[in-house]
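Residue numbers (the working numbering), protein chains in the order written: chain A, 1 to 251; chain B, 1001 to 1685; chain C, 2001 to 2322.
We treat Cβ as the ideally placed atom computed from N, Cα and C, and that holds for glycine.
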Amino acid sequence: MCVKPVPMALALDADSGRLDRSGGSLLTGVDESAVESALRVRDECGGEVVVLAMVPEAAAEALRPALAMGADRAVVVTGAALEGADLLVTSEVLAAAVRRLEADLVILGASSGDGAGALLWSALGERLGLPVLSRAVEVTVAGGRLSATRQTETGVHAAETSLPAVLALSGEVCLPRYPTFRDVIAAKKKTVEVLTPESLGLAGADLGTSGSRTRVLAAAPAPARGPAELVEDDGHAHERVVDFLVERRLV
Amino acid sequence: MGETTTGPDFPTLFSPLRIRGVEVRNRVVFQPHFNALGDVHGMPTEDLTAYLEERAWGGAGLIVDGSMATMPEGQMSRKYLAAWDPRAVPLNRRTTDAVHAHGATIFAQLNHGGHTSLEHPPPVLWAPTQMPEPSSPHTTRAMDRGDMVRAIEGFAVSTRNLVAAGYDGVEIKIAHDGLLRSFASPFFNRRTDAYGGSFENRMRFPLECVAAVRENLPEDLPLGIRICLHEYTPFGYELDYGLRMAEHLEASGLVDYFNCDAGSFSSFWMEIPPAAVAQGYFRPLNQALKKQSDLPIVAFGRIKDGGLAEHMLATGEADLVGMARQLIADPETPRKLAEGRAVEVRACIGCNDGCLHAVAQEKPIRCVQNPAAGQELLWSERLLVRAAEPRTVVVIGGGPAGLKVAEIAARRGHRVTLFERSEHLGGQLRLAARQPHHEEVAEVTHYLEAAVRRLGVELWTGVEATADDLLELEPDVVVVATGSQPNLPPEHRQSHTDPDAGALARARGLQVLPEVPGLELGCVYSVDEVLGGAELPGDRVLVVDGQGHWEAAGTAEFLADAGKQVTVISSRPVVAGELEGTNIAMFLQRVAAKGIALRPLTTLLRIEPGRARVVDGVTGVEQWLDVDVVVPVHSRRSREDLYHRLCDLVAESDREVRVERIGDASAARLIQTVLLEAHQVAVTV
Amino acid sequence: MSRRALVVVEPRSGRVPAGQLGVLSAAARVCDAVEVLLPVADGDPVDELAGELARHGAGAVRVVTGLPATSAPRVAVVAALHAEEPYDLVAFENSSLSADVAGALAVRLGAGVCWDLSGLDDVDGELVGRRLALADSTSVDVGWVGGPAIAIFRTAALDAVQHPAGDAPRVVPVQVPAATGPEVRLDESPGGADVVRSGLDTADIVVAGGRGLGSQDNIALLEELASVLGGVVGVSMPVVDRGWYPYAHQVGQTGRTVRPRLYLACGISGAVQHRVGMSRSGTVIAINTDPQAPIFDLCDLGVVGDLTEVVPRITALLRERS
Ligand SMILES: Cc1cc2nc3c(=O)[nH]c(=O)nc-3n(C[C@H](O)[C@H](O)[C@H](O)COP(=O)(O)OP(=O)(O)OC[C@H]3O[C@@H](n4cnc5c(N)ncnc54)[C@H](O)[C@@H]3O)c2cc1C
Ligand SMILES: Cc1cc2nc3c(=O)[nH]c(=O)nc-3n(C[C@H](O)[C@H](O)[C@H](O)COP(=O)(O)OP(=O)(O)OC[C@H]3O[C@@H](n4cnc5c(N)ncnc54)[C@H](O)[C@@H]3O)c2cc1C
Ligand SMILES: Cc1cc2nc3c(=O)[nH]c(=O)nc-3n(C[C@H](O)[C@H](O)[C@H](O)COP(=O)(O)O)c2cc1C
Ligand code: SF4
């Protein structure tokens, strides 16, 4: 039974837990579709959409487009101690914030379908003890249950689980709505709430780089791609291409 | 921490190179070009000094000043610098000092204009044999031995002046124009004396001039030749002959480097190739010369990308890379590349509208991409000062005008918010770039878009601003850059997608609709609709060119490429007559190939479904043309209602808000004017 | 010090994919005892699979039958095995499922995860992962603090290395643990809703075209080849600007970043803004009329030729051979 769901969009840059590192002040397209999905759930089932991000305070403005689109609140978790946070730290901080906000549905956008993004949502689900429904390309919330169409290497499949849950989107799920000029003006008047690790009751010592379980040892220029094989098309280049695909086991 | 991307590296581009006794700090050469920044007596102005100084500051390794004329008879325009005149020495010294202060090297290019004429040519043109340049109305005087002696003396005197003025080397032009190439050319030189007939004889006079320069240059200063390797005319010489000239010059032992060049005044679109000529088109010429020569080679021609430049140097196809227009468009190109800021480079778009078009009319050089070009003393970006008090600036419209104002205001430290109602930034240039051979025009807004994002301008795309709520944003300054729309009657279908934004202005008598009957009909398509991808009924299209620039010409070509049968009419004597010379020349070549019919001196009177009534401007004879679609291109109307409404609201309120209207929103014009206007407004905020 | 590893594999249609055998080989090179967690379905040839795993370095194969393709039960199984006797390394080949498992496992075990690895070495007794970053221009060495080290390898990044037949592997059955919380239920029947999307993000093969297509009509050439290869069409910005193809398919700085196993660039010059979106692709093949096109600097195979001729011929030949 649907008990007042409070959907919440976590508009995160899935690669780092940081939002839009490019420095621009727009959400990335992917994060916008996370916001849009959350808004649709709210429009159907009621509740409140909160956008949450762990970003440096200066980047808090990046959440404003989500407010203009119609999110009810925007919250950032910020603090110098969070610099260099890895997966374990990021998931811990975000989990604390999600608990504080009492969300029923946590939605993450995906800026890339693999790597750190995938790790974050599953780590967050584990911390919260919630089921994780990842790689969703279509979402429905009804009757206290979350159903989605997932797209993975193995194809397109339906999946469902109970709420509360963590939902991770895959790429462009839905076209984000454009705010009106009035919406923008209203959004510019709202404040972005700021949480700190301390206000969430997290000990400073274990955060940031100090709490990380991985480290970068060295970086060096990578060997360039091997010298390319160049063929002139004399009417037979396609044969070389197909042979090459076979050699590389690509067909 | 997020990983940051560092710019690509350009190790070869930024390695020094020794040419004879002179070390050049890197491989970027600001190519010589007539810039009409001399006064009408050929004296360099302060603008010229500032122009070259800006490029030295921007990081160029070698700057080649000029061209300069060696004697009055060789001065193809009044503003062509007078190297022979001792009064120029202290003025040139000012330039060389300014350039040296930034660590760059400066050579001067010497030329005798010969048979070549610009806007104000000398009273008589000199040539080896009496004959006009085929593309020119002026014939020539065949030189006698006395003339030759004077001409050689001109090179000698000029060289001494240049040395006195502090130049580090001299480049002699045997390139796309001037006397020396016409001597070398089998077409222009038909003499039977010691200076014509055989290849060696044709090269004799150019070599005598080269020798005179060498004799007057100190031992350690280099002498280079700008050499035309391929004339690209039906009557002229080709690469094999150009290479033979180079070989002969090199064998003389007088030459220290070659600067490649191509084209001639009868194929001037290959001298200063517009965007329709592919980037790097001339690389095979550079490569061929590099292969045969032991001297340093400067590559030339539509090189604007740092990666390409590095690649050319690294693979040994040249020793230096020439950039004329890229450094006009962005003087800071080398500095940005060196500092890992390659993404910040503002590309030349190959339009020739600002640079060549101006100087061909003897007007001081300008640039579409760079409002400061030729007027650095007024508008250089180095003059931008941080605003004492950051203001809240709201910009409405994300076309070139709005983006430019946002860029400059943000660079000055203001808080800028920009609203664009469509999903994409770029304004009309998104449409313009869909026209054939016009893609590079989009780089104007690509640059600006990247810049405003980098500068942290708050961008709202897909959001249409209205005057009514705007003051709630509490702006200090509102810049209205809402652009323009095709001037069709409000009943026309266009209003579905681009609602009429001139009703208020018309009610106040500030705007009028065009008076041709039938413009509201369904068979009338605006340029915006056509380039926006509208499906047109039928095959026969009439384009009405009331504008003369790309808007009509490029649309006609776009339609022809889509398989339509296109006729273009214009009331003026030339269709597309406002296009810059190289562009119109190449446009006309393509028109022929694409079967587009041009009808100048023809005016549209009325449109009915399936036909259009036109009148011949000379005979007054009227005629129906059977056409399925009419695309009228006359002056666009400003989207100015928002501006007027906002001004009213500000007046009614007790707020102090400065409201500015820039770009097409104040009057439809071309990019160059619009960007300068935007820059000027942003500087005063 | 003896080092224990667990490699989690996912057989597909009764076989362990070569890339996963590559991960196993890499683990075997740096560990003394390597176990494999092998989920199987009824009817999978368990002995055959175990034999193959043994040839690639597995000492023990933990077989679990009837495990749903969701992460939670896998996390539980691995955590339980780890509790019995700790592992120093838990390794996966990247996939939707393994990423979901690894993230949760990291939290459960308090372990560090390094992802997108393309190599693993022992340096002075420490495990060091190799990762390519910044558009593959930089090679980064990464390490773990404390144990176990969780490693996710780039797909198909490692070669499977066969060992001379060693001992027969120990095959040990593992129980599917009982669910402890709310579960995700999967409908694994093939098909499902067809959603409007580009599919670029997850595509294994991208057939991309640029301005060199010359006209919108030629997009069809890409689509045909993509359908034969089982790939998705990608495009450069000018193609989108011209309205030839939807923005959702744009690759590059202002479009999407893709990392397929094969990227076929047709009529794309290779501008840096495009490259940042595709340079991490596995294999790159470029077709371009201009032998100097920068794209040739970062491809594995370059064809100097007209795409309108070469592409249809590739499509036809592939059709003929399949
Ligand atoms: C086909 C074509 C080819 C051209 N070729 C050339 C050329 O080769 N060289 C040249 O110099 N010039 C060329 N021009 C002209 C050039 O495009 C214009 O000079 C230039 O675009 C004007 O810039 P602008 O920013 O003032 O206006 P625009 O480019 O019209 O931009 C105005 C922007 O404001 C937005 N806007 C309008 N109202 C609102 C609102 N209420 N809220 C938010 N946003 C709003 C519009 O969506 C638009 O993006 C060409 C024009 C066309 C149509
Ligand atoms: C801020 C900014 C953001 C940008 N973002 C992106 C982005 O996200 N994605 C993107 O792609 N670009 C982006 N660009 C644009 C980028 O700089 C290039 O302009 C663009 O990638 C070039 O696309 P292209 O390779 O298709 O076209 P071109 O560079 O014109 O190359 C076309 C190629 O096709 C070849 N060719 C022509 N005919 C044929 C034929 N018949 N057969 C085979 N080859 C042929 C030509 O030799 C040429 O190499 C961005 C630019 C800026 C400034
Ligand atoms: C306005 C203008 C004037 C030029 N005048 C000269 C000149 O006087 N002497 C010369 O050798 N080249 C001249 N050039 C040619 C340039 O040196 C250069 O070869 C040409 O612009 C192509 O290079 P680019 O693509 O780097 O601009 C001129 C170019 C321009 C744009
Ligand atoms: S005016 Fe046009 S062609 Fe000339 S330098 Fe500027 S951008 Fe380049």
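Pick helix, strand or coil for residue i, following the three-state DSSP scheme.
i         : result
B/Val1478 : strand
A/Ser134  : strand
B/Trp1624 : strand
A/Thr140  : strand
B/Thr1006 : Residue placement at B/Thr1006 cannot be trusted, given a pLDDT of 34 that sits under 50; what the coordinates show is reported in the next sentence. Coil.
B/Phe1199 : helix
B/Tyr1257 : strand
B/Thr1095 : helix
B/Glu1023 : strand
C/Gln2250 : strand
C/Pro2011 : coil
A/Thr90   : helix
B/Asn1286 : helix
B/Arg1599 : strand
Closer than 7 Å by beta-carbon distance: list the chain A residues that pair up with residue i, in chain order.
i         : result
B/Arg1473 : For clarity, residue 1473 of chain B is Leu in the given sequence; the question names Arg instead. Chain A residues near B/Leu1473: Ile185 and Lys188.
C/Arg2108 : Glu126
C/Ile2314 : His238, Val241 and Val242
C/Cys2031 : None at all; the shortest Cβ gap to chain A is about 19 Å.
Which chain C residues are close to residue i, counting only those with a beta carbon under 9 Å from its beta carbon?
i         : result
A/Arg135  : Ser2096, Asp2100 and Thr2202
B/Arg1283 : Gln2292
Strictly below 8 Å CB to CB, what residues from chain B border residue i?
i         : result
A/Pro179  : Trp1460, Gly1462 and Val1463
C/Val2235 : Going along chain B, no residue has its Cβ under 8 Å from C/Val2235, so there is no contact; the nearest lies around 15 Å.
C/Val2272 : Pro1008, Gly1307, Ala1342 and Val1343
Can you list the residues of chain B that residue i reaches, using a CB-CB cut of under 7 Å?
i         : result
A/Arg182  : Asp1469
C/Arg2242 : Arg1434
Residues of chain A with CB under 8 Å from residue i, in chain order?
i         : result
B/Thr1466 : Phe181
Give me the chain B residues within the contact set of residue i, using Cβ-Cβ distance strictly less than 9 Å, ordered along the chain.
i         : result
C/Pro2294 : Asp1305, Gly1307, Leu1308 and His1311
Can you pull the chain F neighbours of residue i, defined as C-beta to C-beta under 7 Å?
i         : result
C/Pro2238 : Note that chain F does not occur in the displayed structure, where the protein chains are A, B and C.
Curious, which full-length beta strand (DSSP E) runs of at least 3 residues does the stretch 153–192 of chain A contain? Qualifying beta strand (DSSP E) stretches, in chain order: 155–162 and 165–169.
Any residue with its C-beta under 5 Å from a non-hydrogen atom of ligand 2 counts. Can you list them all in chain order? That query returns the following residues: B/His1446, B/Ala1450, C/Gly2210, C/Arg2211, C/Gly2212, C/Ser2236, C/Met2237, C/Pro2238, C/Gly2252, C/Gln2253, C/Thr2254, C/Gly2255, C/Gly2267, C/Ile2268, C/Ser2269, C/Ala2271, C/Gln2273, C/His2274, C/Asn2288, C/Thr2289, C/Asp2290, C/Ala2293, C/Asp2306 and C/Leu2307.
Would the stretch 1324–1344 of chain B and the stretch 1252–1271 of chain B be scored as touching if the rule is three or more Cβ pairs under 8 Å? A contact is defined here as three or more CB-CB pairs under 8 Å, and the stretch 1324–1344 of chain B fails this definition with respect to the stretch 1252–1271 of chain B.
Just to confirm the assignment: which complete alpha helix (DSSP H) runs, minimum length 4, are found wholly within the stretch 214–247 of chain A? The qualifying runs are 237–247.
For ligand 4, which residues have a Cβ under 6 Å from at least one heavy atom, in chain order? Every residue passing the under-6 Å Cβ criterion appears here: B/Arg1325, B/Ile1328, B/Ala1329, B/Cys1348, B/Ile1349, B/Gly1350, B/Cys1351, B/Asn1352, B/Asp1353, B/Gly1354, B/Cys1355, B/Cys1367, B/Val1368 and B/Gln1369.
Which runs of the alpha helix (DSSP H) at least 4 residues long sit entirely within the stretch 1460–1505 of chain B? Give them in chain order. Taken in chain order, the complete alpha helix (DSSP H) segments of 4 or more residues contained in the stretch 1460–1505 of chain B are 1467–1470 and 1494–1497.
Report yes or no: do the stretch 1023–1030 of chain B and the stretch 1304–1321 of chain B share at least 3 C-beta pairs separated by less than 8 Å? Two segments are said to touch when three or more pairs of C-beta atoms, one from each, lie closer than 8 Å; by this definition the stretch 1023–1030 of chain B touches the stretch 1304–1321 of chain B.
Where in the stretch 1317–1404 of chain B do unbroken runs of the alpha helix (DSSP H), each at least 4 residues long, occur, reported from the N-terminal end onward? Within the stretch 1317–1404 of chain B, the complete alpha helix (DSSP H) runs of at least 4 residues are 1325–1329, 1333–1338, 1356–1360 and 1376–1379.
Inside the stretch 2122–2150 of chain C only - beta strand (DSSP E) runs reaching at least 3 residues: Fully contained in the stretch 2122–2150 of chain C are the following beta strand (DSSP E) runs of length 3 or more, in chain order: 2126–2133 and 2138–2144.
Whole runs of the alpha helix (DSSP H) within the stretch 2046–2079 of chain C, excluding any shorter than 4 residues: Listed in chain order, the complete alpha helix (DSSP H) runs (minimum 4 residues) inside the stretch 2046–2079 of chain C are 2046–2055.
Which complete beta strand (DSSP E) runs does the stretch 1039–1076 of chain B hold, if anything under 3 residues is left out? Assignment of beta strand (DSSP E) within the stretch 1039–1076 of chain B, counting only whole runs of 3 or more residues, yields 1062–1069 in chain order.
When you compare the stretch 1471–1482 of chain B with the stretch 1643–1661 of chain B, are there three or more beta-carbon pairs, one atom per stretch, that lie closer than 8 Å? Contact between the stretch 1471–1482 of chain B and the stretch 1643–1661 of chain B is present, because at least three Cβ pairs lie under 8 Å.
Would the stretch 1302–1315 of chain B count as touching the stretch 1540–1551 of chain B if we require 3 or more Cβ pairs under 8 Å? Judged by pairs of C-beta atoms under 8 Å, the stretch 1302–1315 of chain B does not touch the stretch 1540–1551 of chain B, as fewer than three such pairs exist.
List in chain order: all unbroken alpha helix (DSSP H) runs of 4+ residues lying wholly within the stretch 1513–1576 of chain B. Look at the stretch 1513–1576 of chain B and you find these whole runs of alpha helix (DSSP H), each 4 residues long or longer: 1527–1531 and 1550–1561.
Contact the stretch 1280–1291 of chain B vs the stretch 1138–1150 of chain B: 3+ CB pairs below 8 Å: By the criterion of at least three beta-carbon pairs nearer than 8 Å, the stretch 1280–1291 of chain B is not in contact with the stretch 1138–1150 of chain B.
Between the stretch 2240–2248 of chain C and the stretch 1434–1442 of chain B, do at least 3 Cβ pairs fall closer than 8 Å? The stretch 2240–2248 of chain C makes contact with the stretch 1434–1442 of chain B, as at least three CB pairs between them are under 8 Å.
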